[in-house]
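According to the numbering used here, the sequence shown holds residues 1083 to 1601 in order.
Every residue gets a Cβ at the ideal spot worked out from N, C-alpha and C, and that includes glycine.
Step one of this worksheet: look at the structure below.
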Amino acid sequence: MAFFASFSASFFVGHVPQQCFGSGCPGVRVAPSLLESTSSRDSRLTPRPFPSLMLLFVTIGVFYTSTLLAQDTLKLDSLANYYIPEVPIISSFADKEDPLIQYNFNKEKITQNAQSKDLPYLLSQSPSAVFTSDDGLGVGYTGLRIRGSDATRTSVNINGVPLNDGESGQVYWVDLPDLIESADQIQIQRGVGTTSQGTSSFGASVNIATFRPQDPNLVLSTYIGRFGTRKYHVRGSSGLVRNKIAMEAGVSSIKSGGYIDRAKSNLTSAFINLHLALKNGFMHLLGRQGQERTYQAWYGLPHQYLESNRTYNSSGLIASSGTFYDNEVDDYTQKHLQYLWEQKFSSRLYSKLTLYATFGKGFYEQYKNNARLSNYKIPPIEIQDTLREKSDLVTQKWLDNSLYGGIWTIDAKSKTFEELNAGIHISRYKGDHFGRVIWAKFHPIDAIPSEFYFDQGNKSEFSIFAKSRKKLSEKLRLFLDIQYRHVQYHIDTFEQGGLYLAKRTYHFLNPKIGGALRI
């Protein structure tokens, strides 16, 4: 491990509307120590030099370089104005403790963007983030890439609980419709962030908090847009009753016809949060369910239709008639349960325990043109002296999965370390995959086998981590982070008529070191 730092002078000039000074523009921060206004009426920011600090994190197999605040050289036109819409001018700053590039969404900014679009649309407003949408409207299947990395290289956590799929590492935002409505705070750490639990964070870490009790309120909202898009949302909070207990709950319904042909969505969600104040601590019990039913539109647009038919969707095509199967859908329900207990033992010692469980079940349905029957364990059939070995089919591919886990962390302060955080994470994932043929062109349904494949994936994970901050002087702060991760996969599947077993065990050691120097 090694630490390097380089320094240079940079300049920045910007223009901020008058109403944005103070608290007039949520999401816009102006740091007086870095930028100065020449006139309260003009609200022009004069160039002022400030240092740029480059940090190099060295981890096993990964080298990560990040420049904070600004590029080393920036040519300015003294007569030009630079406008920055809703992006904090100093959004690349890490906080005072950690030398990391962070972007934070507070409750006010989240609420302003809680329309019909999914959470990735909001997150794409941060630097280096790209938002994708299958239906073209931001409803249904959506995706997010940060610094060019997809979700398998981005660690996403809700209240510290991993959201990445236990098998693929992907994040299916569509499984939790309208998550944005119950999010209280969101933080993005771009690049290799702090280590805790869950998948690797090579691209970024996205942390979502949903459990802070709100003041008493009742919110009714609706949104109506183009292509049949509409959203209805109701949520309410009791506030803190007798300074001990609080409850909040909400339900949402989102429907859309989609910009892409047949890319319709029907999404529902519900959540309930219970909070109990203990002596020197809190207990939270959180439950959430999401159900999505979307017409498949994930194949993309063939280039020959780019100019003539930009909404073309090949999914569900029936080759014999040129029409489309009307039920080529993805249908999945997911439930999340979380129990969080926080306890303060002294002014220097805190502890937190999180127990969680996630359950999911659903399928995607597809029309198969001229499929070979033997691939689906269906015998050939003789029709008018012709042995037919192929037929049009409709299949459903199912997933029934569960994830259980626990996280225990402890925070301590001492004279040696400004802050020490350590923890243990244990989880167990099980996923059953199976396929069914629900219709065949030439076969009665009772002649079709109940399943044409069955696979089971199991994943066990154990990790232990520790991180600390050391204040070496008033200007220099050191950050240390280390994690050991043990992952074991056990896969049972049928391959070429026989049972196929696969076992893989992986060990990861992830050390990091960084520093922050104030000039």
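(message) Under 8 Å: do the segment 1375–1382 and the segment 1210–1226 share three or more Cβ pairs, one atom per stretch?
(response) Short answer: they touch.
(request) Count the other C-beta atoms from every protein chain shown that fall within 10 angstroms of the C-beta of PRO1531, then say buried if there are 16 or more, exposed otherwise. (result) One-based indexing of the sequence shown puts residue 1531 at position 449. With fewer than 16 Cβ atoms within 10 Å of its Cβ, PRO1531 is classed as exposed.
(message) Restricting to Cα atoms, I'd like to know which of ASP1266, VAL1519 and SER1283 is closest to ARG1229.
(response) Within the sequence shown, residue 1229 is the residue found at index 147, counting from 1. When only C-alpha atoms are compared, the closest one is SER1283.
(message) Threshold first: 4 residues or longer. Then list the alpha helix (DSSP H) segments lying entirely within the segment 1194–1265, N to C.
(response) As far as the segment 1194–1265 is concerned, its whole alpha helix (DSSP H) runs of at least 4 residues are 1201–1205 and 1261–1264.
(message) I'd like the list of long-range same chain contacts for LEU1161, defined as Cβ closer than 8 Å, with 5 residues on each side in sequence excluded.
(response) The residue given as residue 1161 occupies position 79 in the sequence shown. Residue placement at LEU1161 is flagged as unreliable, the pLDDT there being 36, under the threshold of 50; the coordinate-derived value follows with that caveat. Correct list: empty, nothing qualifies.
(request) Assign PHE1507 to one of two classes, buried (16 or more other C-beta atoms within 10 Å of its C-beta) or exposed (fewer than that). (result) Taking the first residue of the sequence shown as 1, we reach residue 1507 at position 425. Inspection of the sequence shows that residue 1507 is occupied by His rather than by Phe. Classification for HIS1507: buried.
(request) Pull up the DSSP beta-bridge partners for PHE1489, would you. (result) Taking the first residue of the sequence shown as position 1, residue 1489 is located at position 407. Note on identity: in this sequence residue 1489 is Ile, with Phe being the wrong assignment. In DSSP, ILE1489 forms a bridge with THR1436 and HIS1507.
(request) Ignore the nearest five residues each way along the sequence and tell me which others in VAL1221's own chain have a CB closer than 8 Å to its CB. (result) In the sequence shown, residue 1221 corresponds to position 139, counting from 1. Contacts found: SER1198, LYS1199, ASP1200, SER1215, THR1311, ILE1336, SER1338, GLY1340, SER1347 and LEU1349.
(request) Compare the C-alpha of GLY1372 against each of LYS1585, LEU1583, PHE1187 and LYS1443 and name the closest. (result) Along the sequence shown, one-based indexing puts residue 1372 at 290. Nearest neighbour of GLY1372 by Cα position, chosen from LYS1585, LEU1583, PHE1187 and LYS1443, turns out to be LYS1443.
(request) Would you kindly check if the distance between the Cβ of ASN1355 and the Cβ of PHE1293 is under 8 Å? (result) Walking along the sequence shown from the start, residue 1293 turns up at place 211. Walking along the sequence shown from the start, residue 1355 turns up at place 273. Yes, these two residues count as a Cβ contact at 8 Å.
(message) Which of the three DSSP states is assigned to GLN1371 in this structure?
(response) By one-based count along the sequence shown, residue 1371 stands at place 289. Correct three-state label for GLN1371: strand.
(request) Using DSSP bridges, identify the partner residues of HIS1315. (result) As a working mapping, residue 1315 is identified with position 233 in the sequence shown. According to DSSP, which records beta bridges pairwise, HIS1315 is partnered with SER1303 and SER1334.
(message) Using DSSP's beta-bridge definition, name the partner residues of TYR1571.
(response) What you label residue 1571 is simply residue 489 of the sequence shown in a count that begins at 1. Bridge partners of TYR1571: LYS1541 and ARG1586.
(request) Please report how far the alpha carbon of GLN1448 lies from the alpha carbon of ALA1233, in whole angstroms. (result) Counting from one through the sequence shown, the residue named residue 1448 turns up at place 366. Counting from one through the sequence shown, the residue named residue 1233 turns up at place 151. Using only the alpha carbons, I get a separation of about 25 Å.
(request) Would you mind giving the Cβ-Cβ distance between GLN1570 and ASN1592, rounded to the nearest angstrom? I have them listed as a contact below 8 Å. (result) Reading the sequence shown from its first residue, position 488 is the one you call residue 1570. Reading the sequence shown from its first residue, position 510 is the one you call residue 1592. Between ASN1592 and GLN1570 the Cβ distance is about 18 Å, and since that is not below 8 Å, they are no contact.
(request) May I have the straight-line CA-CA distance separating VAL1212 from ASP1482, to the nearest angstrom? (result) Here residue 1212 refers to the residue found at position 130 of the sequence shown. Here residue 1482 refers to the residue found at position 400 of the sequence shown. If I take the Cα positions, the gap works out to 31 Å.
(message) Cutting at 7 Å between CB atoms, please list the residues of its own chain near GLU1500, excluding the five before and the five after it.
(response) Here the question's residue 1500 lines up with position 418 in the sequence shown. A distance below 7 Å between beta-carbons, with the five flanking residues on each side excluded, links GLU1500 to the following residues of its chain, in chain order: ARG1551, LYS1552 and LYS1553.
(request) Select from ASP1266, LYS1417 and ALA1504 the residue whose C-alpha is nearest the C-alpha of PHE1187. (result) What you label residue 1187 is simply residue 105 of the sequence shown in a count that begins at 1. Of the listed residues, the one whose Cα sits closest to PHE1187 is ASP1266.
(request) To the nearest angstrom, report how far apart ILE1460 and VAL1476 are at their CA atoms. (result) Mapped onto the sequence shown, residue 1460 falls at position 378. Mapped onto the sequence shown, residue 1476 falls at position 394. Looking at the two C-alpha atoms, the distance is approximately 13 Å.
(request) Report the three-state DSSP secondary structure of TYR1446 (helix, strand or coil). (result) By 1-based counting over the sequence shown, the position of residue 1446 is 364. Looking at TYR1446 - three-state DSSP - the assignment turns out to be strand.
(request) Could you check which residue in ARG1430, TRP1521, ASP1412 and PHE1544 has the C-alpha nearest to that of TYR1511? (result) Within the sequence shown, the letter at position 429 stands for residue 1511. TYR1511 has its Cα closest to that of PHE1544, out of ARG1430, TRP1521, ASP1412 and PHE1544.
(message) What does the alpha-carbon distance come out to for the pair TYR1486 and SER1509?
(response) In the sequence shown, residue 1486 corresponds to position 404, counting from 1. In the sequence shown, residue 1509 corresponds to position 427, counting from 1. One C-alpha to the other measures close to 6 Å.
(message) Looking at the strands, I want to know which residues DSSP matches up with ARG1518.
(response) Your numbering for residue 1518 matches position 436 in the sequence shown. BP columns for ARG1518 point to GLN1478.
(request) Would you mind giving the Cβ-Cβ distance between GLU1374 and PRO1259, rounded to the nearest angstrom? I have them listed as a contact below 8 Å. (result) Walking along the sequence shown from the start, residue 1374 turns up at place 292. Walking along the sequence shown from the start, residue 1259 turns up at place 177. The pair is a contact, with the Cβ atoms about 6 Å apart (cut-off 8 Å).
(message) Once the 5 residues before and after LEU1245 are set aside, which same chain residues still bring their CB inside 7 Å of it?
(response) Walking along the sequence shown from the start, residue 1245 turns up at place 163. Counting only Cβ-Cβ distances below 7 Å, and skipping sequence neighbours, we find VAL1238, ASN1239 and VAL1253.
(request) With distances taken Cα to Cα, identify the nearest neighbour of GLU1424 among ILE1400, ALA1359 and ASP1408. (result) Locating residue 1424 in the sequence shown gives position 342, counting from the first residue. Taking the Cα of GLU1424 as reference, the smallest distance to any Cα among ILE1400, ALA1359 and ASP1408 is reached at ALA1359.
(request) Could you check if PHE1094 is buried or exposed, using at least 16 other CB atoms within 10 Å of its CB as the buried criterion? (result) If you number the sequence shown from 1, residue 1094 lands on position 12. Per-residue confidence for PHE1094 stands at a pLDDT of 33, beneath the threshold of 50, marking its modelled position as unreliable; no derived number is given.
(message) I'd like to know whether the C-beta atoms of ARG1454 and GLY1398 end up nearer to each other than 8 Å.
(response) In the sequence shown, residue 1454 corresponds to position 372, counting from 1. In the sequence shown, residue 1398 corresponds to position 316, counting from 1. Against a cut-off of 8 Å, the Cβ pair of GLY1398 and ARG1454 comes out as no contact.
(request) Have a look at PRO1298 and VAL1323 and give me their C-alpha separation to the nearest angstrom. (result) One-based indexing of the sequence shown puts residue 1298 at position 216. One-based indexing of the sequence shown puts residue 1323 at position 241. Rounded to the nearest whole angstrom, the C-alpha separation of PRO1298 and VAL1323 is 9 Å.
(message) Rounding to the nearest angstrom, what Cα-Cα distance links GLY1251 and LEU1469 in this structure?
(response) Here residue 1251 corresponds to residue number 169 of the sequence shown, with the count starting at 1. Here residue 1469 corresponds to residue number 387 of the sequence shown, with the count starting at 1. In this structure, the alpha-carbon of GLY1251 lies about 44 Å from that of LEU1469.
(message) So for ILE1601, helix, strand or coil by DSSP?
(response) The count along the sequence shown starts at 1 and reaches residue 1601 at position 519. Three-state result, ILE1601: coil.
(request) Kindly indicate which three-state DSSP category ASN1452 falls into: helix, strand or coil? (result) For this step, residue 1452 is matched to residue 370 along the sequence shown. In this structure, ASN1452 counts as strand in the three-state DSSP scheme.
(request) Go to THR1292, then tell me how far its beta strand (DSSP E) extends in each direction, as first and last residue. (result) One-based indexing of the sequence shown puts residue 1292 at position 210. Looking at the DSSP string, THR1292 is not in any beta strand (DSSP E), and its letter there is neither H nor E.
(message) If distances are taken between C-alpha atoms only, which option among HIS1589, ARG1559 and LEU1205 comes closest to ILE1601?
(response) Counting from one through the sequence shown, the residue named residue 1601 turns up at place 519. Looking only at HIS1589, ARG1559 and LEU1205, the smallest Cα-Cα distance to ILE1601 is reached by ARG1559.
(message) For ASP1574, would you say it is in contact with chain B, using Cβ-to-Cβ distances shorter than 8 Å as the test?
(response) Here chain B cannot be found, since the structure has a single protein chain.
(message) Assuming GLN1269 is part of the beta strand (DSSP E), what are its boundary residues?
(response) Taking the first residue of the sequence shown as 1, we reach residue 1269 at position 187. Per DSSP, GLN1269 is one residue of the beta strand (DSSP E) stretching across 1267–1272.
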